[in-house]
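Each remark here refers to the structure printed beneath this line.
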Amino acid sequence: MSRYRSKTIKELAEQQVRFAPQAVRNRQILQAEKFLLSVDGSSDYSFGDVCSSVTGYRPDSQAGICISGTNLAHDLRCFVEDLSGSLDLSVADLGEPVLTVQEVSEKFNVSAKTVDRWRSKGLASRRVKIDGRKRIVIPKSTLDRFVALNREDIDRGGNFRQMSESEREAIILEARSLVANGQGLTEVSRTLGKRHDRAMETIRYTLRDYDRMHPENALFKKPSGQISSEHQSLLYDLYTQGVSVPDLARRFGRTKPVVHSILADVRIRRLKATPIDFMDSDEFRLPNADRLICGVAPDYDKKAASVRVPNGLPAYLAELYTAPLLNKAQEQYYFRKMNFLKYQAAELQKTLHAPRVSTRTAKKIETLLDEANGIKNLLTRSNLRLVVSIAKRHLKPGVNFFELVSDGNMSLIRAIEKFDYARGNKFSTYASWAIMKNFARSVPAEHTQQGRFRTGCDEVFYDFQDGRGNAFADELVNKAQRNAILEILAELNGRERKVISYRFGLSKGIEPETLEEVGNRLGVTKERVRQIEVRTLEKLRRIAMRKQVDIPGI
């Protein structure tokens with residue numbers, strides 16, 4: 001295997017060794033050593049300039065080939081050694097004192113490996129005969145010039161100290177503490193390197209050597225196996241609930257980079273499985289579609305949109321009047337933009353099946369879907385009054401009005417997803433038809449269900465006292481408990497609030513969960529969840545007494 005890193009410098013050295021006269025080779029050695037001291041490792045050099053500086057002529061071919069400064073410094077040192085070795089000179093022929101690599105090492109109190117590193121950075125060395133054998137030596141003049149130009153590196157190498165056993169033990173102890181906080185090998189090495197004024201690689205080597213010698217008590221233990229898909233999903237859910245990456249790394253016995261990788265994989269996997277439905281349109285594929293569709297929305301006509309809130313309405317119905325109604329132009333704009341954003345997300349979703357997926361792409365898809373969902377919520381709020389208006393016309397004895405409104409709201413949301421704005425119709429017409437069609441099915445079905453349990457002697461049921469308690473009254477108590485607890489929930493800390501919310505189904509869309517289910521969510525045992533629940537309920541009682549809040553049943 002060639003010592004050279006550049007093929008062109010290797011070929012140049014071979015040509016000069018074979019064809020250049022001895023006097024020419026001597027001159028080229030001096031010119032190469034001089035040029036070597038000016039090489040900057042962060043710059044690039046053309047082969048034409050290098051060849052001209054060393055040999056005095058510029059080649060017609062390969063002149064434009066670029067060589068990095070780092071590779072050039074290494075190869076010019078090899079060039080000088082090969083040319084000097086071909087001259088078959090002795091130490092006396094050089095006419096000046098020379099030092100071996102070992103002597104340079106002792107002179108500056110550095111290792112031989114450090115001297116070799118200096119040679120690769122520009123310290124020229126020659127190959128001459130000593131006691132009948134060719135050895136690498138460094139002329140004193142060459143060494144003095146290199147030291148003058150690299151004083152900082154020389155001093156740093158001379159100040160090197162061997163790591164003591166007590167320092168090594170301190171580093172291992174501190175590393176174990178950092179690993180417990182979820183830091184990986186690179187982060188630990190960087191932190192301890194700064195703390196102990198050691199090179200990062202020195203710390204890394206020390207930690208790896210310790211793990212190799214003490215596998216049973218290793219700092220960075222190899223994972224016992226792949227994390228199952230179920231645990232990956234749990235890890236992602238905990239992260240979305242606010243658990244930090246270092247905490248997740250500690251809980252699951254993985255490093256922070258591995259946790260970040262798992263989060264990215266689950267994120268992409270879920271985005272792949274997310275159905276993105278939209279009403280397609282040819283205008284989405286126009287070259288300037290983004291500018292035309294996502295421009296400024298039409299302004300509200302505040303005077304036409306403002307409506308006086310009737311007196312005596314429940315809070316829910318009164319809140320509906322705060323959302324302004326949309327005119328036809330605004331409806332067209334928002335429906336077009338919502339479906340266009342979904343179209344863009346669906347197109348990006350196709351790229352998630354590539355071998356390597358950028359997290360930037362996943363983030364872009366999430367941003368598009370969030371923006372589209374925001375528009376969907378706006379359209380929903382602007383049409384809730386329509387649901388209430390239609391529900392009033394379908395209200396019959398024995399039918400709960402708010403359940404009817406809730407059913408109509410679901411019909412409204414489905415109508416927003418299926419409305420084809422490109423046909424030019426007003427959305428309220430389409431939505432009214434969808435809501436009334438749903439009521440025409442659901443209201444008679446509810447009456448039929450109730451009719452199946454009528455006996456003709458309903459007064460018997462009203463007069464009969466059931467010793468098991470009144471289910472309706474229990475439901476009222478449950479609702480009262482929920483409302484009262486929500487008022488003082490802000491007094492609890494994060495974990496207490498999560499346990500109570502999950503256990504009693506206080507979060508929207510979440511049913512009450514068992515101790516084990518809550519424990520899986522929070523990454524603790526079900527016994528720990530029970531302890532937190534008991535302590536938190538007692539805390540709620542004290543808060544309720546202090547604030548004089550009545551919590552039925554507690």
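In the UniProt record's numbering, the protein residues as written are 1 to 554. Backbone N, C-alpha and C fix where the C-beta goes; we use that ideal spot for every residue, glycine too.
Between Val266 and Ser233, the gap from beta carbon to beta carbon is short of 8 angstroms. Each of Asp153, Gln102, Ala170, Gly85 was checked against the Cα of Gly132, and the nearest Cα belongs to Gly85.
Excluding residues up to 5 positions away in sequence, Leu234 lie with their Cβ nearer than 8 angstroms to the Cβ of Asn520 in the same chain. Ranked by Cα distance from Leu72, the options Phe146, Ser43, Ser61 are led by Ser43. Pairwise C-beta distances place the segment 186 to 202 out of contact with the segment 146 to 155, as fewer than three of them are shorter than 8 angstroms. Sequence-distant partners of Arg414 (beyond 5 residues in either direction) whose C-beta falls short of 8 angstroms from its own C-beta, in its chain, are Ala434.
Counting C-beta pairs closer than 8 angstroms gives fewer than three between the segment 350 to 369 and the segment 411 to 425, which falls short of the contact rule. Where Tyr334 is concerned, the enclosing alpha helix (DSSP H) starts and stops at 328 to 350.
Secondary structure of Asp44 (DSSP, three-state): strand.
Per DSSP, Ser389 lies in no beta strand (DSSP E) segment; the continuous alpha helix (DSSP H) that holds it begins and ends at 384 to 393. Counting along the chain, Ser358 sits inside no beta strand (DSSP E), nor does DSSP assign it H or E at all.
Taking the Cα positions, Arg119 is about 13 angstroms away from Leu99. Cβ-Cβ distances below 8 angstroms link Ile293 to Glu283, Phe284, Arg336, Lys337, Phe340 in the same chain, with the five nearest sequence neighbours on each side left out; the list follows chain order. Closest by C-alpha distance to Gly295, out of Gln332, Ala323, Leu384, is Gln332. Shortest Cα-Cα distance from Pro324 to any of Lys539, Asp211, Ser382 involves Ser382. Assignment of beta-bridge partners to Thr100 by DSSP yields Val137.
For Val128, the enclosing beta strand (DSSP E) starts and ends at 126 to 130. Judged by DSSP secondary structure, Ser501 falls within the alpha helix (DSSP H) whose first and last residues are 494 to 504. In the DSSP assignment, Ile413 falls within the alpha helix (DSSP H) that extends over 401 to 418. Under the 8 angstroms Cβ criterion, the segment 110 to 125 counts as touching the segment 137 to 150, having at least three qualifying pairs. In terms of Cβ geometry, Leu395 and Leu404 form a close pair [threshold 8 angstroms]. With fewer than 16 other beta carbons inside 10 angstroms of its own, Leu286 counts as exposed. For Ser233, the enclosing alpha helix (DSSP H) begins and ends at 229 to 240. According to DSSP, Ile67 shares a beta bridge with Tyr45. Judged by DSSP secondary structure, Asn26 falls within the alpha helix (DSSP H) whose first and last residues are 22 to 36. Contact between the segment 364 to 376 and the segment 340 to 350 is present: three or more C-beta pairs spanning the two stretches fall below 8 angstroms. Under the criterion of beta carbons closer than 8 angstroms, Lys498 and Leu515 do not qualify as touching, at roughly 13 angstroms. The shortest CA-to-CA distance from Ala249 to any of Phe220, Phe402, Thr351, Thr274 is the one to Phe220.
Residue environment analysis places Ser90 among the exposed positions, since fewer than 16 neighbouring C-beta atoms fall within 10 angstroms of its C-beta. In the DSSP secondary-structure assignment, Ser90 is bridged to Lys129. It is roughly 9 angstroms from the alpha-carbon of Gly182 to the alpha-carbon of Arg251. With a beta-carbon spacing of about 12 angstroms, Ser46 and Gly69 fall beyond the 8 angstroms limit used to define contacts.
About 6 angstroms separates the beta carbons of Ser125 and Glu81, which is inside the 8 angstroms limit, making them a contact pair. With the rule of 3 Cβ pairs closer than 8 angstroms, the segment 50 to 61 counts as touching the segment 16 to 36. Cys78 counts as buried, since at least 16 other C-beta atoms from the protein chains shown sit within 10 angstroms of its C-beta.
Closest in alpha carbon position to Thr8, among Gln22, Gly48, Ala20, is Gly48.
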